[in-house]
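Numbering (the working numbering), first residue to last: 164 to 848. In what follows, a structure is listed as structure tokens, so that the remarks can point back to it.
Shown next as structure tokens:
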């Protein structure tokens with residue numbers, strides 16, 4: 164389905180081009196429409212509406228060559244939300260009115276009544292806009308409901324949906340609060356059986372008074388809860404009317420009430436800030452290592468330490484004892500770290516550690532030391548004492564850094580991934596070639612920058628939906644001293660490792676903007692896609708630099724699309740979120756390249772306001788013969804449409820794939836089968 168633009172498109176059914184132009188002149192004068200297309204009859208009406216994104220149909224019933232009955236029959240069969248207005252001769256108005264209404268026409272206008280036509284068109288376009296907005300809101304509501312249900316799966320508070328005193332859905336945290344391993348065990352238990360007898364009357368009153376027609380009604384109760392082993396815990400119960408799968412129910416949120424620890428160690432807490440203050444303190448510490456240009460003034464190692472076994476301990480020994488054990492672990496960890504770094508507790512079971520001046524070997528040694536020595540107290544009933552009690556992820560931060568939140572997130576991901584990594588920022592980079600070879604490539608890059616030996620090549624991004632915009636992806640090539648041509652894959656890795664990538668990015672951006680300005684002045688409707696590297700996006704002044712280039716060559720921001728690799732986006736989400744907002748302020752479009760590699764690509768679409776997603780080329784290879792790839796691609800294209808984002812499939816290498824892509828509703832395609840990268844800005848046929 165095509166994406167509808169802000170400016171409505173009218174479909175005029177008439178055999179006379181001059182009549183279509185007369186009608187458009189009437190509506191254009193009233194500023195109701197600027198774009199139109201016309202067809203002579205009912206043939207291909209469905210195809211035109213589907214492919215061209217029409218917003219209103221005007222049928223000239225007075226045209227002798229237009230068979231009104233066929234038009235009305237075809238329109239009724241469409242079941243579309245696009246309104247149809249029938250224009251009729253005054254003397255035939257009464258006879259045409261009845262059958263037009265039966266076919267679903269929204270209005271019948273006399274031929275010589277331009278005022279009625281303007282009013283009718285204005286009303287129908289406004290009504291159509293409202294209907295589409297309502298559909299969009301319904302889709303967002305469904306998405307919010309699904310997101311809310313997913314959040315209940317990961318929240319630490321116990322959440323349950325109850326109907327007539329029985330559980331219809333609970334999250335894992337709710338089951339764990341009541342000492343159950345499986346949610347199925349809780350679903351089979353009546354609600355009252357989980358609460359102490361003295362609270363049964365209040366619970367019954369709550370069930371009787373629940374009213375789904377008053378969703379703002381919220382009830383708060385402090386209750387005593389019972390586990391199957393007869394142990395009891397106190398909790399705060401928040402109840403409110405809700406819906407589950409379309410049925411009215413009562414939503415319960417259960418939060419244990421923490422009691423004051425009596426343990427001597429807990430009474431003598433260390434000075435470490437609790438979460439969320441600990442997270443803020445860690446962010447402040449990281450920021451003290453980075454200047455305003457995001458350059459690292461003091462290289463450091465960031466560690467995330469997670470007490471992996473604490474969930475099992477709390478399950479076996481209870482929440483209050485588990486918290487006491489965590490506090491004791493915190494004291495132990497503080498003693499091990501000592502004055503070697505800044506330690507902060509950033510979550511219930513997680514700690515952040517910043518240590519200055521460590522190299523890879525030093526960081527690895529410290530991680531091994533902490534893994535061996537940071538243990539839960541001996542009374543923690545862990546099943547296997549030979550397994551470390553904590554998991555640790557770390558990496559080294561130097562050169563230009565991303566946002567502190569991204570640095571912490573990267574360390575956390577490495578921690579829960581059970582592996583160590585070091586890359587100077589976040590995420591792994593490709594294996595470097597031999598030192599001599601890398602140095603030679605670096606010299607070639609520096610020579611090309613000094614002697615203007617860089618060249619842009621372009622590959623067209625072709626619309627499957629009839630978009631007239633000329634979109635091209637920009638690729639970089641390099642000539643060395645011997646005039647040998649190097650492709651990007653031959654030197655980009657070295658440029659990243661040697662700190663030259665930002666210079667290459669700036670050269671590419673400025674040169675591309677200059678090309679846009681030159682081609683636009685020559686009458687070519689050109690738009691270019693340019694990829695920014697991780698180092699460049701961390702430069703806080705990069706958008707100002709882009710603005711300067713746009714002003715220098717008198718180029719509009721919406722002629723330029725800035726794209727980022729998906730893995731870089733995931734590792735720098737906080738930084739890129741702010742960057743995307745800034746790019747949109749200067750009207751630049753934003754895209755994600757290599758889209759679809761993560762397990763939950765919808766997360767990126769929810770967080771970032773994107774214009775395009777370029778789906779990874781691996782999905783296009785062998786697409787026509789691979790049902791699994793076809794299904795995955797359809798999912799990604801549908802997901803993009805749900806967020807009003809255009810989809811581009813890259814790496815298209817054969818004609819059979821085009822049929823699959825068109826059927827899947829993909830907006831654009833790119834690949835060597837269509838055209839290899841070229842120094843010329845034209846689509847070769």
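Note that the Cβ used here is the ideal one computed from N, Cα and C, for glycine as well.
Practice prompt. Tell me whether residue 689 sits in a helix, a strand or coil according to DSSP, three-state version.
Written response: Correct three-state label for residue 689: strand.
Practice prompt. Could you tell me whether the Cβ atoms of residue 416 and residue 385 are closer together than 9 Å?
Written response: For the 9 Å CB-CB criterion, residue 416 and residue 385 do not form a contact.
Fill in: Per-residue burial, residue 835 [other beta carbons within 10 Å of its own, 16 or more giving buried]
That one is exposed.
Worksheet entry | Separation of residue 691 from residue 840, as counted between CA atoms | Taking the CA atoms as reference points, residue 840 sits about 13 Å from residue 691.
Worksheet item: Can you tell me whether residue 723 is buried or exposed, with buried defined as 16 or more other CB within 10 angstroms of its CB?
Response: Flag for residue 723 reads buried.
Fill in: For residue 748 and residue 713, the rounded distance between their alpha carbons
Cα to Cα, the separation comes out at about 13 Å.
Worksheet item: Considering only C-alpha positions, which residue in the set 703, 665 and 276 is nearest to residue 746?
Response: With distances taken between Cα atoms, residue 746 lies closest to 703.
Worksheet item: Can we say the stretch 636-645 touches the stretch 678-697, given the rule of at least three CB pairs closer than 8 Å?
Response: Yes, the stretch 636-645 touches the stretch 678-697.
Fill in: Expected contact under 8 Å - CB spacing of residue 762 and residue 802 to nearest Å
The pair is not a contact, with the Cβ atoms about 13 Å apart (cut-off 8 Å).
Discussion item. Is it buried or exposed, residue 550, if we count other Cβ atoms within 10 angstroms and call 16 or more buried?
Written reply: By the neighbour-count rule (16 or more Cβ atoms within 10 Å), residue 550 is not buried but exposed.
Discussion item. Residues in the same chain with beta-carbon distance under 8 Å from residue 259, minus the five sequence neighbours each way, listed in chain order, please.
Written reply: For residue 259, where only same-chain residues beyond five positions count, the Cβ hits under 8 Å are 224, 231, 249, 251 and 271.
Fill in: Per-residue DSSP class, three states only, for residue 172
In this structure, DSSP gives residue 172 an extended state, which the three-state scheme calls strand.
Item to complete: Tell me the start and end of each unbroken alpha helix (DSSP H) in the stretch 682-730 that is at least 4 residues and wholly inside, in chain order.
Response: At a cut-off of 4 residues, the continuous stretches assigned as alpha helix (DSSP H) that sit fully inside the stretch 682-730 are 697-700 and 705-715.
Discussion item. With a threshold of 8 Å, are at least 3 pairs of Cβ atoms found where one atom belongs to the stretch 568-579 and the other to the stretch 614-629?
Written reply: Contact fails: fewer than three Cβ-Cβ distances are below 8 Å.
Worksheet item: Is residue 335 closer than 9 Å to residue 352 when the C-beta atoms are compared?
Response: No, these two residues do not count as a Cβ contact at 9 Å.
Worksheet item: Is it a yes or a no for the stretch 812-831 touching the stretch 782-795, going by three-plus beta-carbon pairs under 8 Å?
Response: In short, these stretches touch, since the Cβ pair count reaches three.
Item to complete: Just grab the DSSP bridge partners of residue 410 for me.
Response: The beta-bridge partner set that DSSP reports for residue 410 consists of 407.
Worksheet entry | Cα-Cα separation, residue 715 to residue 668 | The straight-line gap from Cα to Cα measures roughly 17 Å.
Discussion item. Quick check on this structure: which residue in 472, 518, 647 and 598 has the alpha carbon closest to the alpha carbon of residue 552?
Written reply: That would be 472, whose Cα lies nearest to the Cα of residue 552.
Worksheet item: Cβ of residue 740 within 9 Å of Cβ of residue 771?
Response: Cβ distance < 9 Å, so residue 740 and residue 771 count as in contact.
Worksheet item: In three-state DSSP terms, what is residue 511?
Response: The answer is coil: DSSP assigns residue 511 none of H, G, I, E or B.
Worksheet entry | Integer Cβ distance of residue 851 from residue 751, believed to fall under 8 Å | Residue 851 is absent from the structure shown; the chain starts at 164 and stops at 848.
Discussion item. Measuring alpha carbon to alpha carbon, tell me which residue in 606, 728, 672 and 273 is nearest residue 697.
Written reply: Ranking the options by Cα distance to residue 697, first place goes to 728.
Worksheet item: Among the residues of its own chain, which have a CB less than 7 Å from the CB of residue 778, if the five just before and after it don't count?
Response: Counting only Cβ-Cβ distances below 7 Å, and skipping sequence neighbours, we find 758, 759, 796, 799, 810, 811, 812 and 813.
Discussion item. Quick check: residue 516 and residue 506, are their CB atoms within less than 9 Å of each other?
Written reply: Contact flag set, yes.
Worksheet item: What whole-angstrom Cβ distance do residue 688 and residue 718 have, given they're in contact under 8 Å?
Response: Contact annotation, residue 688 with residue 718: C-beta distance approximately 13 Å; criterion of less than 8 Å not satisfied.
Discussion item. According to DSSP, simplified to helix, strand and coil, what is residue 624?
Written reply: It is a strand residue.
Fill in: Inside the stretch 326-380 only - alpha helix (DSSP H) runs reaching at least 4 residues
Whole alpha helix (DSSP H) segments, 4+ residues: 335-340, 346-350 and 363-372.
Fill in: Backbone CA spacing between residue 659 and residue 528 [nearest angstrom]
Straight-line Cα distance between these residues: approximately 27 Å.
Worksheet entry | Neighbourhood of residue 499 by C-beta distance below 8 Å, restricted to the same chain and skipping five residues each side | Closer than 8 Å at the Cβ level, and outside the excluded window around residue 499, lie 532, 533, 536 and 537.
Worksheet entry | Where the beta strand (DSSP E) through residue 382 begins and ends | Run containing residue 382: 382-389, per the beta strand (DSSP E) assignment.
Fill in: Rounded straight-line distance, which links the Cα of residue 607 to that of residue 184
Distance from the CA of residue 184 to the CA of residue 607, rounded to the nearest whole angstrom, comes to 59 Å.
Discussion item. Let's test the definition: count the other Cβ atoms within 10 Å of the Cβ of residue 256 and tell me whether it reaches 16, buried, or not, exposed.
Written reply: It counts as buried.
Worksheet item: Mind checking residue 490: buried by the 16 CB within 10 Å criterion, or exposed?
Response: Label assigned to residue 490: buried.
Worksheet item: Is residue 407 near residue 331, with beta carbons less than 9 Å apart?
Response: Residue 407 is a Cβ neighbour of residue 331, given a cutoff of 9 Å.
Worksheet item: Okay, do the stretch 358-373 and the stretch 279-297 touch, 3+ Cβ pairs below 8 Å being the bar?
Response: No, the stretch 358-373 is not in contact with the stretch 279-297.
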